[in-house]
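So the sequences go chain by chain: E and P. For the first sequence, my numbering assigns the number -16 to the initial residue and increments by one for each residue that follows. For the second sequence, my numbering assigns the number -16 to the initial residue and increments by one for each residue that follows.
There are 2 protein chains.
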Amino acid sequence: MNVALISIGDEILIGQIVNRNAAWIAETVTAIGCHVVEHCVVADDSQQLMNTIDRLRITSDVLLLTGGLGPTHDDVTKTVLVEYFQDVLVESSDWMKHLTWMSQRGREVTERNAAQALTPSTATLLSNPIGTAPGLLFNRDGIIIVAMPGVPNEMKSIMESHVVPLLHSKLVVQGNATTQYYTMLTTGIAESNLADLIGDPMMFLSGSTLAFLPNYTGVRLRIGVTGLTQEQRDKERMRVASVLRERAGRFIYGHDDQTLSGVVGHHLAERGQSVSVAESCTGGLLGAACTDAPGSSVWFHGGVITYSNDSKVRELGVHQSDIDRCGAVSEEVARRMALGVQEKFGTTYGIGITGVAGPDGGTVDKPVGTVWISVAGPAEQTTLKYHFGADRRINRERSVGAALGMLWKIVR
Amino acid sequence: MNVALISIGDEILIGQIVNRNAAWIAETVTAIGCHVVEHCVVADDSQQLMNTIDRLRITSDVLLLTGGLGPTHDDVTKTVLVEYFQDVLVESSDWMKHLTWMSQRGREVTERNAAQALTPSTATLLSNPIGTAPGLLFNRDGIIIVAMPGVPNEMKSIMESHVVPLLHSKLVVQGNATTQYYTMLTTGIAESNLADLIGDPMMFLSGSTLAFLPNYTGVRLRIGVTGLTQEQRDKERMRVASVLRERAGRFIYGHDDQTLSGVVGHHLAERGQSVSVAESCTGGLLGAACTDAPGSSVWFHGGVITYSNDSKVRELGVHQSDIDRCGAVSEEVARRMALGVQEKFGTTYGIGITGVAGPDGGTVDKPVGTVWISVAGPAEQTTLKYHFGADRRINRERSVGAALGMLWKIVR
């Protein structure tokens, strides 16, 4: 079942917002066995939207539209679909009740919002408990078109309650060969070294695909397997995975949508261990990564953001003399930060990060991108120096990835 | 000058990575006056890429491609462009020198990487000091096609050094009417209330456009003005902006790519004031937002991530009796956290956040999404309760936005 995504909105087109919706939808429908053929971002422009629907219906069985259903004048999706299907707008009494119910929670049914109850007569309305616009489902003329609001949690609610179950039931009926993806996650090795380690994929892939996808925490290995039955796909997937594990296993920390912090946390929780963090250049990002997953309070106890030198000395017992002699970005300061936070929070492990994130603050000896990371454990302490690049944001992200990678090596 | 973006890669298509590159490129070329007509994400598939180039060259003057230039077998872009322009691959001695130079920094010129020096004979190579693949520029048959690596900092380096200057020089020569965008940023008001406050945009827009773009920190108002000269555009922009400021000025904190934390920091720095943060459910995200901008050490001194109740009592002087009586998510605990961190770091302001981010931990009295935020200042303290939604990630992001919004109201 071929699916194409159409994201509507000048704000995406001109880059004012990042198209996270498309990634979420693509991931969600791929997971149930749909084949995503294209994402397309178009303007708040009726003609362009019409042309795009016309073009993509040729290669696709399902078009998933997001955006342009809001209450303001620049929203065109509903109008275009009414025209496309030569439909008319009628007032939905059910939706008017929903709008009134929402108003009883403290919002008023303004005239602007009441217009949301006017919906195309041949569309099925998809409930949206947290918003004022319903999803619109057209299942006509051999194509399924679903229009959803661009607000991420409204779109997700409609996808999960309506669209995923619908597509899933169609897939079960069809029984076509589908492609499924499985990802193995690595840390601590560069893309080309990993490729050399694994060798020519053509020698062990038979009809499957393998892709190398680098990001800040490491390189992901994505296996795509195609087959008629789940059994066929599982067998091939396990065969390829075992080759990869044999050749690069020591760098593989997890699979699919696992996160490095989640995997580290799982290992810590299993052993009844805990961690705390002392952050300088990352300013809270490592703590944020640790607490990203629900349930992290079991193994993550807290941390200190010591952005100033004063606070490093006062809160973490870093010696002023070390800062004076070696600078705040130094092995000794990272070591002391890790030990200081470990003691303060009474955790099994303490992590200290201090670095020059940039763009300013670099010197000949310590250029922008120099980061010291230390992990203090119950018995031993590991402290490493990294050289990242010139980009402040990337240096901060890579520092978080490196710190978690160091802890993973210890606790796996 | 019409520009279309083509992002190549199954990893984007299936939603494994978010297409941040497209947003960055779109924003960058829009800022110099280009008109972005479409973003398209396609598979690592030669035929689909070929078809997409064929289609988009009709509506576009420039095609910007990212991805598919890497050293592994799933990279198809170079091959497709060679076929599209009926070109041949030749070895570039300059690029081989670059690969050797990179190897002297500790990397080896593996056979895999050496293949990156084979480039199309009619393409101009665009230098990429931080990667192994050069950008490829074709300026033939009435169309400009640029292929860049998908690695974000390599793409950005090529855009900034080569593509932006080229497009800018073409635009100056053309002298066509261009559209420029200007954004006013609001916080503390919902989209439909803001729309009502501003009234029907058709009454004061003459040829300009206005869009409402909500995100976690607030609603952005994007004005699009079209004109032949910069003077015309500036005049119209200032006219529309002054109407918006008159009607909704008290919610407007900044413009364009300013951030709420950056604006707050600017106000604090101007007054010689400072802030520190005590975070529970946000786990470091507020500190990360504060330190996102370079130079934040002037006004941001640090913080404490007190994820456990123990650490709230020990580090911030929260009373155990308050936690026992009111729970960790309560007005009194948020107040104490703010006061505790303010005192600990000796800053002008202290912010405390405690909430139920979800998905677990909600109760009838304190459902998931309940967050208390307190801002302690030199004289007074403001503490507010928020009800966000069911999504953990969004609750954390909105908490950060709300906390910064509260501080902004005080320091603006």
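No residue lacks a Cβ here, since even glycine has one placed at the ideal position from N, Cα and C. What you are looking at is a predicted structure, and each value in this text was computed from that prediction instead of being measured.
Check: Taking Cβ positions, are P/His284 and P/Ser257 nearer each other than 8 Å?
Finding: yes
Margin query: For the stretch 189 to 209 of chain E, list every residue whose C-beta sits within 8 Å of some C-beta in chain P, in sequence order.
Written below: Thr192, Leu193, Ala194, Phe195, Leu196, Pro197, Asn198, Arg203, Arg205 and Gly207
Checklist line | Cβ neighbour criterion (16 or more within 10 Å) applied to P/Ala6 | finding: buried
Notebook entry, point to check: Residues of chain E with CB under 7 Å from P/Arg3, in chain order?
Noted result: Val1
Margin query: Suppose you measure from the CA of E/Cys23 to the CA of P/Glu253; what does that come to, to the nearest Å?
Written below: 44 Å
Margin query: Output needed for P/Leu268: all residues of its chain with C-beta closer than 6 Å, excluding positions within five of it in sequence on either side, in chain order.
Written below: Arg379 and Val383
Item checked: Alpha carbon of P/Leu82 to alpha carbon of P/Val92, nearest angstrom -> 6 Å
Checklist line | 9 Å Cβ cut-off: residues of chain E touching P/Gly335 | finding: Chain E residues near P/Gly335: none, gap ~14 Å exceeds 9 Å.
Check: Any residues in the stretch 236 to 252 of chain E with a beta carbon nearer than 7 Å to a beta carbon of chain P? Which ones, in chain order?
Finding: none
Notebook entry, point to check: Which residues share a DSSP beta bridge with P/Ala194?
Noted result: P/Arg205
Notebook entry, point to check: Which whole-angstrom value describes the C-beta separation of P/Met138 and P/Asp44, a residue pair presumed to lie in contact below a C-beta threshold of 8 Å?
Noted result: So it is not a contact: roughly 20 Å between Cβ atoms.
Check: Touching or not, the stretch 360 to 368 of chain P and the stretch 343 to 351 of chain P, by the rule of three or more beta carbon pairs under 8 Å?
Finding: no
Next item on the list: For P/Glu(-6), go through chain E and note every residue whose CB falls closer than 7 Å to its CB, in chain order.
Entry: Ala194, Leu196 and Arg205
Next item on the list: State the Cα-Cα distance for the pair E/Tyr332 and E/His250, rounded to the nearest angstrom.
Entry: 13 Å
Next item on the list: Could you tell me the boundaries of the beta strand (DSSP E) in which E/Cys309 lies?
Entry: E/Cys309 -> not in any beta strand (DSSP E); alpha helix (DSSP H) instead, spanning Gln303 to Cys309.
Notebook entry, point to check: Do you know how far the Cα of P/Thr166 is from the Cα of E/Thr55?
Noted result: 17 Å
Next item on the list: Would you check if the distance between the CB atom of E/Gly286 and the CB atom of P/Ile288 is smaller than 8 Å?
Entry: yes
Notebook entry, point to check: Which of the three DSSP states, helix, strand or coil, is assigned to P/Cys264?
Noted result: coil
Notebook entry, point to check: Is there contact here, the stretch 207 to 222 of chain P with the stretch 186 to 194 of chain P, by at least three beta-carbon pairs under 8 Å?
Noted result: yes
Checklist line | Against chain E: residues of the stretch 274 to 288 of chain P by CB proximity under 9 Å | finding: Thr274, Asp275, Ala276, Pro277, Gly278, Ser279, Ser280, Phe283, His284, Gly285, Gly286, Val287 and Ile288
Item checked: Minimum length 4: unbroken alpha helix (DSSP H) runs contained in the stretch -11 to 18 of chain E -> -7 to -4 and 3 to 14
Notebook entry, point to check: DSSP on E/Ala359, reduced to helix/strand/coil?
Noted result: strand
Notebook entry, point to check: Helix, strand or coil: how does DSSP classify P/Asn111 here?
Noted result: coil
Check: Taking just the CA atoms, how far does P/Thr169 sit from E/Leu154?
Finding: 44 Å
Check: Of all Cβ atoms in chain P, is any one closer than 8 Å to the Cβ of E/Thr93?
Finding: yes
Note to self: Between E/Phe68 and chain P, is any beta-carbon pair separated by less than 8 Å?
What the structure shows: no
Checklist line | Rounded straight-line distance, which links the Cα of E/Lys327 to that of P/Leu299 | finding: 13 Å
Next item on the list: Could you give the DSSP three-state label for P/Leu188: helix, strand or coil?
Entry: coil
Next item on the list: In angstroms with no decimal places, state the Cα-to-Cα distance between E/Asp27 and E/His145.
Entry: 25 Å
Notebook entry, point to check: What beta strand (DSSP E) runs, 3 residues minimum, are completely inside the stretch 126 to 164 of chain E?
Noted result: 126 to 131
Next item on the list: Please look up how many angstroms separate the CB atoms of P/Leu108 and P/Thr102, rounded, as I've assumed it's under 8 Å.
Entry: 6 Å
Notebook entry, point to check: If E/Glu21 sits next to E/Leu39, beta carbons under 8 Å apart, how far is it from one beta carbon to the other, in whole angstroms?
Noted result: 7 Å
Next item on the list: Could you name the residues of the same chain whose beta carbon sits closer than 6 Å to that of P/Pro184, not counting the 5 residues immediately before and after it, in chain order?
Entry: Leu193
Notebook entry, point to check: Comparing the C-beta of E/Thr365 with each C-beta of chain P, is any distance below 8 Å?
Noted result: no
Item checked: Cβ contact check for the stretch 311 to 321 of chain E and the stretch 362 to 371 of chain E: 3 or more pairs under 8 Å -> yes
Margin query: Given this structure, state the Cα-to-Cα distance separating P/Ser86 from E/Ala116, to the nearest angstrom.
Written below: 56 Å
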